[in-house]
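Its first residue numbered 278, the sequence shown is counted upward by one per residue in our numbering. Contents: one structure, followed by commentary.
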Amino acid sequence: MSSLTARDKAPWTVTAAIAGTFVLLAAHVFALVYPPHVPADLFHVVWGTAFCGLAVLLRRPRNWARVWLTALIAIQFVGKGVVFVLEDRTGVLVLIVVGWTVMIAVLALLWVPPSGRFFGSAPRTS
């Protein structure tokens, strides 16, 4: 087992983005309790699992994981907009706005300079 080098240690911005991603995962788990269920439940299970897996992978400088997580968040951001327009329950609308806020924070944290240097240090593969 190899230990982390100083180059491999994630900066606080990446650690905070990972924490925010787990908040988004918690939202997917929480959503499983409320209707509608099928096919929405399948979406929440798949995307929650993807968020969890990508968050774990971000502890090492894997730029592809950052790009995939960014794409998933961007798609979900738009999807939340559709739900926001169609939804009429105030509590759900508030949770959507909170989710948008967390998403913007995670994206910003993943792409600010300390994170960029960390992910830029990843070895290039051919």
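All residues carry an ideal CB built from backbone N, CA and C; glycine is no exception. Given the structure is predicted, the values throughout are model-derived calculations rather than measurements.
Is it the case that the Cβ atoms of Ala342 and Leu335 are separated by a distance below 8 Å?
Stepping through the sequence shown from its first residue, residue 342 is reached at position 65. Stepping through the sequence shown from its first residue, residue 335 is reached at position 58. In contact: Ala342 and Leu335 (Cβ atoms closer than 8 Å).
Assuming Pro288 is part of the alpha helix (DSSP H), what are its boundary residues?
In the sequence shown, residue 288 corresponds to position 11, counting from 1. Going by DSSP, Pro288 is part of no alpha helix (DSSP H) at all; its letter is neither H nor E.
What is the DSSP secondary structure of Asp365, reduced to helix, strand or coil?
As a working mapping, residue 365 is identified with position 88 in the sequence shown. For Asp365, the three-state secondary structure derived from DSSP is coil.
Please report the Cβ distance between Leu387 and Thr347, rounded to the nearest whole angstrom; I am assuming they are in contact, meaning their Cβ atoms lie under 8 Å.
As a first step, residue 387 is located in the sequence shown; it is residue number 110 there, counting from the start. As a first step, residue 347 is located in the sequence shown; it is residue number 70 there, counting from the start. About 6 Å; that satisfies the 8 Å criterion.
Specify the secondary structure class of Met278 as computed by DSSP and reduced to three states.
Against the sequence shown, residue 278 aligns to sequence position 1. The predicted position of Met278 is uncertain, since its pLDDT is 44 and thus under 50; a value taken from the coordinates is nonetheless stated next. Met278: coil per DSSP, three-state reduction.
Determine the direct distance from the alpha carbon of Ala317 to that of Gly356, and round the result to whole angstroms.
Reading the sequence shown from its first residue, position 79 is the one you call residue 356. Reading the sequence shown from its first residue, position 40 is the one you call residue 317. In this structure, the alpha-carbon of Gly356 lies about 12 Å from that of Ala317.
For Ala303, name the three-state secondary structure that DSSP assigns.
Residue mapping note: residue 303 aligns to position 26 of the sequence shown, counting from 1. The three-state secondary structure of Ala303, taken from DSSP, is helix.
Compute the Euclidean distance between the alpha carbons of Val306 and His321, then round it to the nearest angstrom.
Here the question's residue 306 lines up with position 29 in the sequence shown. Here the question's residue 321 lines up with position 44 in the sequence shown. Taking the straight line from one Cα to the other gives about 7 Å.
Exposed unless 16 or more other CB atoms sit within 10 angstroms - verdict on Thr298
Locating residue 298 in the sequence shown gives position 21, counting from the first residue. Residue environment analysis places Thr298 among the buried positions, since at least 16 neighbouring C-beta atoms fall within 10 angstroms of its C-beta.
Let me know if Trp289 comes out buried or exposed under the rule of 16 or more other beta-carbons within 10 Å of its beta-carbon.
The residue labelled residue 289 in the question sits at position 12 within the sequence shown. Around the CB of Trp289, fewer than 16 other CB atoms lie within 10 Å, so the residue is classed as exposed.
With a cut-off of 8 Å on the beta carbons, I'd call Ala287 and Phe395 a contact; round off their distance for me.
Walking along the sequence shown from the start, residue 287 turns up at place 10. Walking along the sequence shown from the start, residue 395 turns up at place 118. About 6 Å separates the two Cβ atoms, so the contact holds.
Determine the direct distance from the alpha carbon of Pro338 to that of Tyr311, and round the result to whole angstroms.
In the sequence shown, residue 311 corresponds to position 34, counting from 1. In the sequence shown, residue 338 corresponds to position 61, counting from 1. Computed Cα separation, rounded: 36 Å.
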